[in-house]
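Accompanying notes for the structure given below.
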Amino acid sequence: MAQRRNTRTEASLKQAFITLTRAKGFDATTVSDLAREAHINRGTFYTHYTDKFDLRQQLIANAVSDLNDIVLRSHRPSDREFIPHEAILGALRYIRQDFDFFDAISQSGSDMQLYTKVKDLLADLLIIETEKSGIRLETDGVPVMYGKEMMASALTSAIWMWLRRGCVESPEDMAMLIERAKRIAAVRPLAVAQVQSQARRRGGADSR
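Our numbering puts the first residue of the sequence shown at 35, with every later residue one more than the last.
Below is the structure:
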């Protein structure tokens, strides 16, 4: 869990980070720029953070911590629902509500640091939830480490594309699109397996 202090100074620095990163980029932004934009002195900045990189890391950590809480608090209607619709919708609403921050911290989707952290969060949650429910991620011989990576990557990539496009769809519409994709992914492997099984049976009959 990220340490949260929520002081007025830190809120001002977060807004300064957003403004400057979107205006000139993180690399070109200095601690002096951040302090000036937040209307504080450099000494006050260093009371809270060691440098601009520490500020960025703590902002990311706080966002990931919030997303983690949203997912874990969500109602789970089915033991077989790894990451439920309510959790996805809550996360999307959180991102949309603080879009300026997520756009700035990801540099409009070009910086993958936040992407990786979100993907790792989802992958870890998949393991936790499957252990709770007793469901195994392995399907047709796919090792769990690959299974969770593919599932987490697919979901994170969809959310990341939504962010890069400016969150043009509403969180509700985007959550529904993800839900439809999850259903297709769940149904199609079964259909493919049935077709393959039928083909094997036909092949066995033909060889006799």
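For every residue, glycine included, the Cβ atom is placed at its ideal position computed from N, Cα and C.
- Counting along the chain, the unbroken alpha helix (DSSP H) around S191 starts and ends at V178 to R198.
- Here the stretch 70–83 does not lie against the stretch 130–143, with fewer than 3 beta-carbon pairs under 8 Å apart.
- Just measuring C-alpha positions, the residue of P118, I139, S204 and G200 sitting nearest A50 is I139.
- Contact check for V152 and V202: beta-carbon distance about 20 Å, past the 8 Å limit, so the pair fails to qualify.
- Residue state for N75 is assigned as coil, using DSSP reduced to three classes.
- The continuous alpha helix (DSSP H) containing V105 extends over residues K86 to R107.
- In the DSSP assignment, A62 falls outside any alpha helix (DSSP H) and carries neither an H nor an E.
- Between the alpha carbons of E71 and L47 lies a distance of about 8 Å.
- Rounded to whole angstroms, the separation of the alpha carbons of Q131 and S191 is 19 Å.
- With contacts defined by Cβ atoms closer than 8 Å, T43 and L54 do not form a contacting pair.
- If you draw a straight line from the Cα of H73 to the Cα of L160, it is about 43 Å long.
- Contact check for P177 against L123 fails: the beta carbons are separated by 8 Å or more.
- Between L126 and A209, the C-beta spacing is below 8 Å.
- Within the same chain, K48, F51 and I139 come within 7 Å of L93 by CB-CB distance, once the 5 residues on both sides are set aside.
- Collapsing the DSSP output to three states places E213 in a helix.
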